[in-house]
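Student: Residue numbers (our numbering): 3 to 341. Backbone N, C-alpha and C fix where the C-beta goes; we use that ideal spot for every residue, glycine too. None of these values were measured; they are calculated from a predicted model.
1) By how many angstroms is the C-alpha of residue 248 removed from the C-alpha of residue 281?
2) State buried or exposed for residue 37, treating a residue as buried only when at least 16 other CB atoms are found within 10 Å of its CB.
3) Sorted by chain position, which residues of the same chain lie with C-beta nearer than 7 Å to residue 206's C-beta, five sequence neighbours on each side aside?
4) Among residues of its own chain, excluding the 5 on either side of residue 148, which ones have a beta-carbon nearer than 6 Å to its beta-carbon?
5) Which ranges does the alpha helix (DSSP H) cover as unbroken runs of at least 4 residues, wholly within the segment 170 to 208, from first to last along the chain?
6) Using C-beta distances below 8 Å, list every residue in its chain close to residue 44, excluding the 5 sequence neighbours before and after it, in chain order.
7) Residues in the same chain with beta-carbon distance under 7 Å from residue 33, minus the five sequence neighbours each way, listed in chain order, please.
8) Does the distance from the C-beta atom of residue 187 to that of residue 289 stay below 8 Å?
9) Under the assumption that residue 150 contacts residue 47 (Cβ atoms under 8 Å), give the Cβ distance between them as a whole number of angstroms.
10) What does a CB cutoff of less than 6 Å around residue 194 pick up in its chain, not counting 5 residues either side in sequence?
11) Please work out which residues of its chain come closer than 8 Å, Cβ to Cβ, to residue 6, disregarding the five sequence neighbours upstream and downstream, and give them in chain order.
12) Check whether the segment 112 to 130 and the segment 74 to 90 are in contact - that is, three or more C-beta pairs closer than 8 Å.
13) Using alpha carbons as the reference points, say which of 273, 312, 241 and 266 lies closest to residue 296.
14) So residue 325 is in the alpha helix (DSSP H); what residue range does that whole segment cover?
15) Taking DSSP's pairing of strands, which residues face residue 115 in a bridge?
16) Please confirm whether residue 106 and residue 31 have their CB atoms less than 8 Å apart.
17) For residue 90, name the three-state secondary structure that DSSP assigns.
18) Using DSSP with H/G/I as helix, E/B as strand and the rest coil, what is residue 45?
19) Count the other CB atoms, across all protein chains shown, that sit within 10 Å of the CB of residue 262; report buried if there are 16 or more and exposed otherwise.
20) Using only the alpha-carbon positions, how far apart do residue 155 and residue 291 sit?
21) Using alpha carbons as the reference points, say which of 223, 83 and 159 lies closest to residue 208.
22) Can you give me the C-alpha to C-alpha distance between residue 171 and residue 42, rounded to a whole angstrom?
Spelled out as structure tokens, the structure:
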């Protein structure tokens, strides 16, 4: 039985409503903008960002308990301070007391936790710039050099075993079928990746992995005099273990989707120049196509939970598959056309 000082069962809706009010923040912002992501509710004030994790159990991440969310917030802050040391300010408790109810300012019992960040200028964001006038080449180079130096400092690990890569491609294809039904592009892409693996196995055995970013998309890259890379994947360190070239090929894929493939090319060029890791077009195409297969699945998974227009996620899944097929040199119209 709860005592008089124990917090009530505060719902997620109540927490979101509370955090959406500007007067509830210590810095007294003029306004609060709320954004919902797959894992979190994000609250943007004038100068700060607060991220509240959803109390759910996801396929790759269990945030269903208060302790799990606290651990995840601490881990996100620690992992991201490597590439954005002054952006991740800490973890802030959302408190409750009988006198004040929910509060970010007063004493009380923690009913949840938030990642506290410094808000960055959207105009410096790579995705924003790609959607507008495009980034300056010197700023792209500066960010690429920062990332290359980060990779170079990392402890080198053995490459992923070939049988693990085979298994990953096949399991991704099978799950895509679960969501999309019969999907010839997924079959064709998996076959192309498997064929490349079988013929180029020696190339992969010479590669190495490092503890990388893990989610290197344009929206996580901020340009300027001091480049910053945010939202490094925190919940599974194994998913950050990747060949730097594979991660950069994923960035190239995402830049290409925004009409700026040259940016991804520049990151790869700078990495090769600064590390001596010679560019191999066949390897890069394989890596990019493999990431396209993965992100086709991530798009398809939304079909199971979306309450909106399913066509958006269906089209995105096929777009990734088509891009992957293009990288592998598969251009059959019969394969590429979505039903």
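Tutor: Once the coordinates are examined:
1) So the alpha carbons of these two residues sit roughly 12 Å apart.
2) exposed
3) 161 and 164
4) 229
5) 186 to 201 and 203 to 207
6) Excluding sequence positions up to five before and after residue 44, its CB lies within less than 8 Å of the CB of 36, 37, 38, 51, 52, 53 and 54, all in the same chain and listed in chain order.
7) 24
8) Between residue 187 and residue 289, the gap from beta carbon to beta carbon reaches 8 Å or more.
9) Residue 150 to residue 47, Cβ: 34 Å. No contact.
10) 330 and 332
11) In this prediction, residue 6 scores a pLDDT of 45, lower than 50, which makes its location untrustworthy; the coordinate-derived value is nonetheless stated afterwards. Only 100 meet the Cβ criterion.
12) yes
13) Answer by Cα proximity: 241.
14) 312 to 329
15) 95
16) no
17) strand
18) The three-state reading of DSSP puts residue 45 in strand, counting E and B together.
19) buried
20) So the two alpha carbons sit approximately 27 Å from each other.
21) Looking at the Cα atoms, 159 is the closest of the given residues.
22) 29 Å
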